[in-house]
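Engineer: This is the structure I want to talk about, given as structure tokens.
2 protein chains.
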Amino acid sequence: MDECDFRFNIVIVGLGLIGGSYAMALRQLRPVQINAIDMDKKVLHTAFEMGIIDKGCDNSGDILKEADLIIIALYPEETIRFVRNNIMNFKKGAVITDSCGVKIEVVEKINSFLPQEIDFVAGHPMAGKESKGFQQASKDIFKDANYIITPTKRNKKENIALIEKMAKAIGCKNVVYLTPEEHDKIISFTSHLPHVIAVSLMNSNITENDIGLFTGGSFKDVTRVAAINSTLWSELFTLNSKNLIDEIESFEKGIKEIKKAIELEDRETLTDILKSASIKRRKIL
Amino acid sequence: MDECDFRFNIVIVGLGLIGGSYAMALRQLRPVQINAIDMDKKVLHTAFEMGIIDKGCDNSGDILKEADLIIIALYPEETIRFVRNNIMNFKKGAVITDSCGVKIEVVEKINSFLPQEIDFVAGHPMAGKESKGFQQASKDIFKDANYIITPTKRNKKENIALIEKMAKAIGCKNVVYLTPEEHDKIISFTSHLPHVIAVSLMNSNITENDIGLFTGGSFKDVTRVAAINSTLWSELFTLNSKNLIDEIESFEKGIKEIKKAIELEDRETLTDILKSASIKRRKIL
């Protein structure tokens, strides 16, 4: 992207793994300014020293008033609270986006109190790491990632286009559009359920054995995301509980089915179950 | 390892992913000869052209008679059948090892008919890939892998030492000793269960959606091994069914517990469950 294309004054709210990564990736687009709001003054100082932000502030006062684009990289409930508490600080025409892994709750709540002249275009970069915090941030986490936008009727077309342009400019491969309802349903399967599974497998080890000596790649892969940010994911799971319960129950049925075939030592059925999974998996790169 | 240390005549039985990888890795130790037995003449020809075997044979006749070390890289039941059918072809003092992912069945059966002067030292290199076949073979699959040896009382110390030496020489990081019973119990948790889970998650997708557009790293990691060799893994699951059923049921209990906390939107319990998993996972590299 040509630098002239991104002449915005940007504020990033929350300089953790995701917010820090946004700052690093956006810096390369040479926007007018990238400023940041974070409670942690040390992180703000580090980010300033690294040259990825122009100004840092540990409270959201004047810094918001000049912002054209506000990227909130907080947990869902904090995101809602931040917008509510700063209603008076956004300038007319400002575009707000977020990075939350649940959408119905965030979009409905924020739109319920947001003035018409400020546009909230909700986004979900499907990027992350099992570790949290600014120290883990990297512009590369967006590379080839999926980015979901969940627009609503009140969003202006040019603002939706701006978020898509930004997502592609920071390296995302696919930008897809869903309603908040579709998002929460699909994500309960593609993201929340795998985390539930990884956690349950990891907790299933009740031995004192150093199991690291007896693992191959399969155990490590399936449990990788069990090294989880417990506060964030507890919030995501409960905010999407209905969809997630449905997906867990569908998964439980599958486990019962394969268990039965193993109990009966029914290799024919087992081979069919395994073949079906294998064909589906090979379709995903 | 000094090349003088490995002056053996080796026969590899089955030039698939594992057997082919053994040939490639062992070639670097410059043994006297590496010969191979495989049904597929094309694969034997390719391996010969690549210089990783000296002779290939599609039936197990004379080629076995000179072998000091026979490495069987077949499925468990084929491994047993191969040894049974070739009882007369092994020379006195020969060492046989295998690469099977279940041990009780293989060790008991083979030792029940193997003459005293031939030694079967069972081994399980915890290395692999989700794809099968010689085309996928690589000397690097053993790099930093775990290698489990399940010796029995009839094994000679020097023969056990030989398998350990070989495992380290081809790149394995940890060589650990277990009884066949311990092996099958631990592996049902660290290897068979993760495969059951990956397969069930993959099959749980009943939509026609192109879910690749909505996945992040978690879904891809948890389902990686769902691209499975269905014949081999059906055999492994059924040969280790009792242990595996126990582990599946313990995992099912964990899923029930987290599901309950999500249903109740009980964030405190959820955070505890997630924290416990996170701490355990961070102990495994």
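Line by line, the protein sequences give chains A and B. Each residue of the first sequence is one higher than the last, beginning at 1 in the UniProt record's numbering. Each residue of the second sequence is one higher than the last, beginning at 1 in the UniProt record's numbering. No residue lacks a Cβ here, since even glycine has one placed at the ideal position from N, Cα and C.
Where does Ser230 of chain A fall in DSSP's three states?
Structural biologist: Translated into the one-based positions of the first sequence, residue 230 of chain A becomes position 230. Here Ser230 of chain A sits in helix by DSSP.
Engineer: Go through its chain and collect everything with a Cβ distance to Val43 of chain A's Cβ below 6 Å, but skip five positions before and after it.
Structural biologist: The residue you call residue 43 of chain A lines up with position 43 of the first sequence. Cβ within range, chain order: Leu15, Phe134.
Engineer: With DSSP run on the structure shown, which of helix, strand or coil describes Phe237 of chain A?
Structural biologist: On the first sequence, residue 237 of chain A is found 237 positions in, with the first residue counted as 1. Reduced to three states, the DSSP call for Phe237 of chain A is helix.
Engineer: Quick one, are the C-beta atoms of Asn203 of chain A and Ser188 of chain B less than 8 Å apart?
Structural biologist: On the first sequence, position 203 is the one that residue 203 of chain A refers to. On the second sequence, position 188 is the one that residue 188 of chain B refers to. The answer is no: Cβ separation not under 8 Å.
Engineer: With distance defined between alpha-carbon atoms, name the residue in B:Phe214, B:Leu26, B:Asn146 nearest to Ile284 of chain A.
Structural biologist: Start at 1 with the first residue of the first sequence, and residue 284 of chain A comes out as number 284. Minimum Cα distance to Ile284 of chain A is reached at B:Phe214.
Engineer: Which runs of the alpha helix (DSSP H) spanning at least 4 residues fall entirely within the stretch 19-107 of chain B, listed in chain order?
Structural biologist: Counting only runs of 4 or more, we get 41-49, 62-65, 76-85.
Engineer: Count the other C-beta atoms from every protein chain shown that fall within 10 angstroms of the C-beta of Arg81 of chain A, then say buried if there are 16 or more, exposed otherwise.
Structural biologist: Here residue 81 of chain A corresponds to residue number 81 of the first sequence, with the count starting at 1. Result: exposed.
Engineer: Could you work out which residue in A:Gly217, A:Thr179, A:Lys139, A:Lys129 is closest to Ser191 of chain A when comparing CA atoms only?
Structural biologist: Sequence index remark: in the first sequence, residue 191 of chain A carries index 191 (1-based). Per the Cα distances, A:Lys129.
Engineer: Is the beta carbon of Phe142 of chain A closer than 8 Å to that of Ile186 of chain A?
Structural biologist: Along the first sequence, read from residue 1 onward, the residue named residue 186 of chain A stands at position 186. Along the first sequence, read from residue 1 onward, the residue named residue 142 of chain A stands at position 142. Not in contact: Ile186 of chain A and Phe142 of chain A (Cβ atoms no closer than 8 Å).
Engineer: Just the C-alpha distance for Glu182 of chain B and Thr97 of chain B, rounded to the nearest angstrom, thanks.
Structural biologist: Position 182 of the second sequence, counting from 1, holds the residue named residue 182 of chain B. Position 97 of the second sequence, counting from 1, holds the residue named residue 97 of chain B. Those two C-alpha atoms are separated by around 18 Å.
Engineer: Could you give the residue range of the beta strand (DSSP E) that holds Pro151 of chain A?
Structural biologist: Here the question's residue 151 of chain A lines up with position 151 in the first sequence. Per DSSP, Pro151 of chain A belongs to no beta strand (DSSP E) and is neither H nor E.
Engineer: Could you tell me whether the Cβ of Glu181 of chain B comes closer than 8 Å to any Cβ of chain A?
Structural biologist: Position 181 of the second sequence, counted from the start, is the residue given in the question as residue 181 of chain B. So no, Glu181 of chain B is outside the interface.
Engineer: Using a Cβ-Cβ cut-off of 8 Å, state whether Val102 of chain A counts as contacting chain B.
Structural biologist: Numbered from its first residue, the first sequence carries residue 102 of chain A at position 102. Not an interface residue.
Engineer: Return the chain-ordered list of same chain residues with a C-beta closer than 7 Å to the C-beta of Lys109 of chain A, the five sequence neighbours on each side being excluded.
Structural biologist: Within the first sequence, residue 109 of chain A is the residue found at index 109, counting from 1. Around Lys109 of chain A: Ile80.
Engineer: Could you have a look at Ala122 of chain B and say whether DSSP puts it in helix, strand or coil?
Structural biologist: Taking the first residue of the second sequence as position 1, residue 122 of chain B is located at position 122. If DSSP states are grouped into helix, strand and coil, Ala122 of chain B belongs with the strands.
Engineer: Less than 8 Å separating the beta-carbons of Ile255 of chain B and Ser21 of chain A?
Structural biologist: Within the second sequence, the letter at position 255 stands for residue 255 of chain B. Within the first sequence, the letter at position 21 stands for residue 21 of chain A. Against a cut-off of 8 Å, the Cβ pair of Ser21 of chain A and Ile255 of chain B comes out as no contact.
Engineer: In the structure shown, what three-state DSSP assignment does Ile186 of chain B receive?
Structural biologist: The residue you call residue 186 of chain B lines up with position 186 of the second sequence. DSSP places Ile186 of chain B in helix when its eight states are reduced to three.
Engineer: With which residues is Ile12 of chain B paired in a DSSP beta bridge?
Structural biologist: Translated into the one-based positions of the second sequence, residue 12 of chain B becomes position 12. Per DSSP, B:Ala36, B:Ile71.
Engineer: Only counting the same chain, and skipping five residues up and downstream in sequence, which positions put a Cβ closer than 6 Å to that of Glu66 of chain B?
Structural biologist: In the second sequence, the residue the question calls residue 66 of chain B occupies position 66. Once the five neighbours on either side are set aside, the close Cβ partners of Glu66 of chain B are Asn9.
Engineer: Would you kindly check if the distance between the Cβ of Pro180 of chain A and the Cβ of Thr150 of chain A is under 8 Å?
Structural biologist: As a first step, residue 150 of chain A must be located in the first sequence, where it is residue number 150. As a first step, residue 180 of chain A must be located in the first sequence, where it is residue number 180. Contact flag set, yes.
Engineer: Show which residues of chain B have a CB atom less than 9 Å away from the CB atom of Ile149 of chain A.
Structural biologist: Walking along the first sequence from the start, residue 149 of chain A turns up at place 149. Correct list: empty, because the minimum Cβ distance to chain B is about 12 Å.
Engineer: Compare the Cα-Cα distances from Asn243 of chain A to each of B:Arg7, B:Gly51, B:Ala226, B:Glu263 and report the closest residue.
Structural biologist: Counting from 1 along the first sequence, the entry for residue 243 of chain A is found at position 243. Per the Cα distances, B:Glu263.
Engineer: Can you name the start and end residues of the alpha helix (DSSP H) that Asn203 of chain B belongs to?
Structural biologist: Stepping through the second sequence from its first residue, residue 203 of chain B is reached at position 203. Start and end: 193-203.
Engineer: Measure the C-alpha to C-alpha separation of Lys91 of chain A and Leu64 of chain A and round it to an integer number of angstroms.
Structural biologist: The residue given as residue 91 of chain A occupies position 91 in the first sequence. The residue given as residue 64 of chain A occupies position 64 in the first sequence. Answer to the nearest angstrom: the Cα atoms are 8 Å apart.
Engineer: Please list the partners that Pro76 of chain B has in chain A, where partner means a Cβ-to-Cβ separation under 9 Å.
Structural biologist: Position 76 of the second sequence, counted from the start, is the residue given in the question as residue 76 of chain B. Those do not exist, as Pro76 of chain B stays about 12 Å from chain A at its closest Cβ, beyond 9 Å.
Engineer: At the 8 Å Cβ level, is Gly216 of chain A part of the contact set with chain B, yes or no?
Structural biologist: Counting from 1 along the first sequence, the entry for residue 216 of chain A is found at position 216. Yes, because at least one Cβ of chain B sits closer than 8 Å to the Cβ of Gly216 of chain A.
Engineer: Regarding Gly56 of chain B and the ligand GTP, is the C-beta to nearest heavy atom distance less than 7 Å?
Structural biologist: Absence of the ligand GTP from the depicted structure is noted, as is the absence of any ligand whatsoever, leaving it without description.
Engineer: So Glu263 of chain A contacts chain B; which residues on that side make the cut at Cβ distance below 8 Å?
Structural biologist: Position 263 of the first sequence, counting from 1, holds the residue named residue 263 of chain A. What Glu263 of chain A touches in chain B: Ser241, Ile245.
Engineer: In the stretch 212-237 of chain B, which residues sit with their C-beta less than 9 Å from some C-beta in chain A, listed in chain order?
Structural biologist: Cβ contacts with chain A come from Gly212, Leu213, Phe214, Thr215, Gly216, Gly217, Ser218, Phe219, Lys220, Asp221, Val222, Thr223, Arg224, Val225, Ala226, Ala227, Ile228, Asn229, Ser230, Thr231, Trp233, Ser234, Glu235, Phe237.
Engineer: Return the bridge partner residues of Phe174 of chain A from the DSSP annotation.
Structural biologist: Mapped onto the first sequence, residue 174 of chain A falls at position 174. A small correction: the amino acid at residue 174 of chain A is Asn; Phe does not occupy that position in the sequence shown. A:Asn146, per the DSSP bridge assignment.
Engineer: Please name the residue in B:Phe237, B:Gly56, B:Phe6, B:Glu77 whose C-alpha comes closest to that of Val106 of chain B.
Structural biologist: Taking the second sequence and counting its residues from 1, one reaches residue 106 of chain B at position 106. When only C-alpha atoms are compared, the closest one is B:Glu77.
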